[in-house]
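What follows is one structure encoded as structure tokens, with my remarks underneath.
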Amino acid sequence: MALLIRTARALDPSEGLDEILNILVEGGRITALGRDIEAPAGGDCDVIDAAGLIAAPGLIDMHTHLREPGQEYKETIASGARAAAAGGFTAVACMANTYPANDNASTTRYILERAREACVRVLPVAALTVGLKGTALTEMGDLKEAGAVALSDDGCSIADAQVMRLALEYARSFEMPVLCHCEDSSLSFGGVMHEGAVSAVLGLRPIAPAAEELIVQRDIALAEWVGHCVHIQHVSTAGSVRIIREAKARGVRVTAETAPHYFTLTDEAVRGFDTNTKMNPPLRSASDVAAIRQGLADGTIDVIASDHAPHSSLEKDVEFDHAAFGIVGLETMLPLTLALVSEGVLTLAQAVEKFTCNPAAVLGYGRARLKAGSVADITIIDPDMLWTLERGRLYSLSCNTPFFGRTFTGRAVYTIVGGTVVHALRA
Ligand code: DOR
Ligand code: ZN
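With my numbering, letter number 93 in the sequence shown gets 81, and the count goes up by one each step, no holes.
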């Protein structure tokens, strides 16, 4: 059936589009955009009245942990996809630290097979090294042929610089993007939170910002030397922002992402020992948060990604020291990012760019467009909706978030994948 989206503020930074328009979707594609576009005569057509709403290209989360295969009690591909749809995402890139790891073509194919039943698109990221152990490289050609869109050992950093160098060289020859979890674990080992006054007061073992920055610096140096691009995952420190900014100014092909918690919360949030404030990298100081915001505003940080990391009460309802790292994020990323717009840190177009065309460019994924002929992956956002995140209301199978009880402004009201409405907040 056709779908007409009426009087939406159509916003696509990659097309320089910001206009009140009607959008017609037929056969899973956008067939027309314009002020006077109407439903086709005679045929069935659903209508969405989008007055006051924003229509953006479908949001892409380039950093999601779906726990299938292996830890389906935390999240499945289907449940993670439902959470993604509820958060406004039409596509998610899922990390390789599953059980077994996505380090071989049959696991990549398995994920894609399971994803056929999911309500959003799933883009598998395969491992750089076998078992994410940082020693033997994976069969990157096979992984690409099976459908992996990028390579990352996320969750772990490759400790050996020579292995990382070879990984970049092989990835370059297969033209696959490399996404880097940057952590010198000889420095961070045993740490559970950011190193600073709060960790000293709480007596929790610290993680110095240098643990991240050393590897950001190393991976940029290696990328520069071997002539391949690198994408730095979940940037959390002012030093990392500075290193990336300088590298970009030199012309190095480096891109970067951060996650909403790194521009929203500081290590002060850990004072209550809530294990939902424990993630890796950890929440940092106020000056780090300020630098992340500045890096987003000046384009040093290209992408906002959720780092959705579901864990169950088995891993989280334990002492802080023993809790797993990570929080769910798919259902809170959009409003946390819109808060940056209302605070004047980002323009709306900049915010939209950071989860549409920019991640698409990093992944070489060509869907995010609001134009005639494009696949109809569209997110419709109510930028003014006030809502409170309540316990028991997440679509994710896990509920490890520090944001319960928080009131947000802005929410995805319709998520449309290939012309089909997969999430609707309004009837
Ligand atoms: O907090 C995190 N959780 N950081 C990571 O790098 C991995 C992730 C997970 O898989 O739980
Ligand atoms: Zn990571």
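All C-beta atoms in this analysis are idealised placements derived from N, C-alpha and C, irrespective of residue type, glycine included. Keep in mind that this is a model prediction, so the values were computed, not measured.
Could you check if Asp141 belongs to the surroundings of the ligand DOR, using beta carbon to heavy atom distance under 7 Å?
Taking the first residue of the sequence shown as 1, we reach residue 141 at position 153. Because no heavy atom of the ligand DOR lies under 7 Å away, the Cβ of Asp141 does not count as near it: no.
Residues that DSSP places opposite Pro112 in a beta bridge
Here residue 112 corresponds to residue number 124 of the sequence shown, with the count starting at 1. Partner(s): Cys82.
So, are the CB atoms of Asp372 and Thr397 less than 8 Å apart?
Within the sequence shown, numbered from 1, the residue matching residue 372 stands at position 384. Within the sequence shown, numbered from 1, the residue matching residue 397 stands at position 409. Yes, the Cβ-Cβ distance between Asp372 and Thr397 is below 8 Å.
Taking 8 Å as the threshold (C-beta atoms), are Asp91 and Thr126 in contact?
To locate residue 126, count along the sequence shown from 1; it is residue 138. To locate residue 91, count along the sequence shown from 1; it is residue 103. The Cβ-Cβ distance between Thr126 and Asp91 falls below 8 Å.
Taking Cβ positions, are Ile65 and Leu54 nearer each other than 8 Å?
The residue labelled residue 65 in the question sits at position 77 within the sequence shown. The residue labelled residue 54 in the question sits at position 66 within the sequence shown. Yes.
Measuring alpha carbon to alpha carbon, tell me which of Ser67, Ala69, Leu192 and Gln338 ends up nearest Gly287.
Along the sequence shown, one-based indexing puts residue 287 at 299. Selected option, being the one with the closest Cα: Gln338.
Assign Tyr353 to one of three DSSP states: helix, strand, or coil.
Position 365 of the sequence shown holds residue 353. Reduced to three states, the DSSP call for Tyr353 is coil.
Residue range of the unbroken beta strand (DSSP E) whose run includes Met321:
Taking the first residue of the sequence shown as 1, we reach residue 321 at position 333. Run containing Met321: none in the beta strand (DSSP E); it sits in the alpha helix (DSSP H), Met321 to Ser330.
Under a Cβ-count criterion, where at least 16 other Cβ atoms within 10 Å of its own Cβ denotes burial, should Gly191 be classed as buried or exposed?
In the sequence shown, counting from the first residue as 1, residue 191 sits at position 203. The residue is exposed, with fewer than 16 neighbouring Cβ atoms inside 10 Å.
Tell me the rounded alpha-carbon separation between Pro88 and Glu201.
Numbered from its first residue, the sequence shown carries residue 88 at position 100. Numbered from its first residue, the sequence shown carries residue 201 at position 213. The alpha-carbon atoms of Pro88 and Glu201 are separated by roughly 30 Å.
Length of the line joining the Cα atoms of Trp375 and Thr395:
Against the sequence shown, residue 375 aligns to sequence position 387. Against the sequence shown, residue 395 aligns to sequence position 407. Between the C-alpha atoms of Trp375 and Thr395 there is a straight-line separation of about 6 Å.
For Ile8, count neighbouring Cβ atoms within 10 angstroms of its own Cβ and tell me buried if that reaches 16, exposed if not.
Reading the sequence shown from its first residue, position 20 is the one you call residue 8. Exposed: under 16 other Cβ atoms inside 10 Å.
Using only alpha-carbon positions, find the residue among Ile289, Gly317, Phe162 and Ser362 that is nearest to Leu116.
Within the sequence shown, residue 116 is the residue found at index 128, counting from 1. Cα-wise, what sits closest to Leu116 is Phe162.
If we count Cβ pairs, one from each stretch, closer than 8 Å, do we get three or more for the stretch 227 to 241 versus the stretch 198 to 216?
The stretch 227 to 241, when compared against the stretch 198 to 216, does touch it at the 8 Å Cβ threshold.
C-beta contact flag for Pro270 and His182 at 8 Å
Reading the sequence shown from its first residue, position 282 is the one you call residue 270. Reading the sequence shown from its first residue, position 194 is the one you call residue 182. A Cβ-Cβ contact shorter than 8 Å links Pro270 with His182.
Closest by C-alpha distance to Gly215, when choosing among His222, Val223, Glu256 and Ala155
Indexing the sequence shown from 1 puts residue 215 at position 227. Taking only the C-alpha atoms, the option nearest Gly215 is Ala155.
Output yes or no for whether 8 Å exceeds the beta carbon distance between His51 and Glu319.
On the sequence shown, position 63 is the one that residue 51 refers to. On the sequence shown, position 331 is the one that residue 319 refers to. Pairing His51 with Glu319 gives a Cβ-Cβ distance that is not under 8 Å.
Ordered along the chain, which non-local residues of its own chain (more than five positions away) have a Cβ less than 6 Å from that of Pro197?
Position 209 of the sequence shown holds residue 197. Excluding residues within five positions, the ones whose Cβ falls inside 6 Å are Thr225 and Gly227.
Could you tell me if the beta carbon of Asp148 falls within a distance shorter than 7 Å of some heavy atom in the ligand DOR?
As a working note, residue 148 is residue 160 in the sequence shown. Within 7 Å of the C-beta of Asp148 there is not a single heavy atom belonging to the ligand DOR.
Inspect the beta-carbon positions of Thr78 and Thr403 and report whether they are closer than 8 Å.
Taking the sequence shown and counting its residues from 1, the one referred to as residue 78 is at position 90. Taking the sequence shown and counting its residues from 1, the one referred to as residue 403 is at position 415. Yes, the Cβ-Cβ distance between Thr78 and Thr403 is below 8 Å.
Provide the residue span of the beta strand (DSSP E) that contains Gly398, from first to last.
The sequence position of residue 398 within the sequence shown is 410, counting from 1. Start and end: Thr395 to Val405.
Specify, as a first and last residue, the run of the alpha helix (DSSP H) that Gly22 falls within.
By 1-based counting over the sequence shown, the position of residue 22 is 34. Not the alpha helix (DSSP H): Gly22 falls in the beta strand (DSSP E), residues Arg17 to Gly22.
Mind checking which residues open and close the beta strand (DSSP E) that includes Pro371?
Residue numbering aside, residue 371 sits at position 383 when the sequence shown is read from its first letter. It spans Ile366 to Thr376 - the beta strand (DSSP E) in which Pro371 sits, taken as one unbroken run.
Whose CA, out of Val223, Arg23 and Glu3, lies closest to the CA of His249?
In the sequence shown, the residue the question calls residue 249 occupies position 261. Closest by C-alpha distance to His249, out of Val223, Arg23 and Glu3, is Val223.
Where does Phe77 fall in DSSP's three states?
Against the sequence shown, residue 77 aligns to sequence position 89. Note: Phe77 maps to strand in three-state DSSP.
How many Å lie between Ser176 and Ala188 at the Cα?
Locating residue 176 in the sequence shown gives position 188, counting from the first residue. Locating residue 188 in the sequence shown gives position 200, counting from the first residue. Ser176 and Ala188: Cα-Cα distance of roughly 15 Å.
Locate the alpha helix (DSSP H) running through Ile232, then write down its first and last residues.
Locating residue 232 in the sequence shown gives position 244, where the first residue counts as 1. Counted as a single uninterrupted DSSP element, the alpha helix (DSSP H) harbouring Ile232 occupies residues Ala226 to Arg238.
Whole-angstrom C-beta distance between Pro390 and Ala257, which should lie under 8 Å
Residue numbering aside, residue 257 sits at position 269 when the sequence shown is read from its first letter. Residue numbering aside, residue 390 sits at position 402 when the sequence shown is read from its first letter. The beta carbons of Ala257 and Pro390 sit about 6 Å from each other, so the pair counts as a contact at 8 Å.
Do Leu100 and Ala81 count as a contact pair if the criterion is CB distance below 8 Å?
Within the sequence shown, numbered from 1, the residue matching residue 81 stands at position 93. Within the sequence shown, numbered from 1, the residue matching residue 100 stands at position 112. Cβ atoms of Ala81 and Leu100: not closer than 8 Å.
Under a three-way DSSP split, which group does His310 fall into?
As a working mapping, residue 310 is identified with position 322 in the sequence shown. Helix, per DSSP.
Given the structure, does His423 come close to the ligand ZN, in the sense that its CB is under 7 Å from one of the ligand's heavy atoms?
In the structure as shown, the chain starts at -11 and stops at 415, and residue 423 therefore has no counterpart that could be examined.
For Asn388 versus Ile315, is the C-beta spacing smaller than 8 Å?
Along the sequence shown, one-based indexing puts residue 388 at 400. Along the sequence shown, one-based indexing puts residue 315 at 327. Taking 8 Å as the Cβ cut-off, Asn388 and Ile315 qualify as a contacting pair.
Consult DSSP for Arg104 and reduce its assignment to one of helix, strand or coil.
Taking the first residue of the sequence shown as 1, we reach residue 104 at position 116. If DSSP states are grouped into helix, strand and coil, Arg104 belongs with coil.
Can you tell me which of the three DSSP states Leu385 falls into?
Translated into positions along the sequence shown, residue 385 becomes position 397. Three-state result, Leu385: coil.
Could you pull out every unbroken alpha helix (DSSP H) segment of at least 4 residues lying fully inside the stretch 152 to 218, listed in chain order?
Runs found: 173 to 176, 185 to 190 and 197 to 214.
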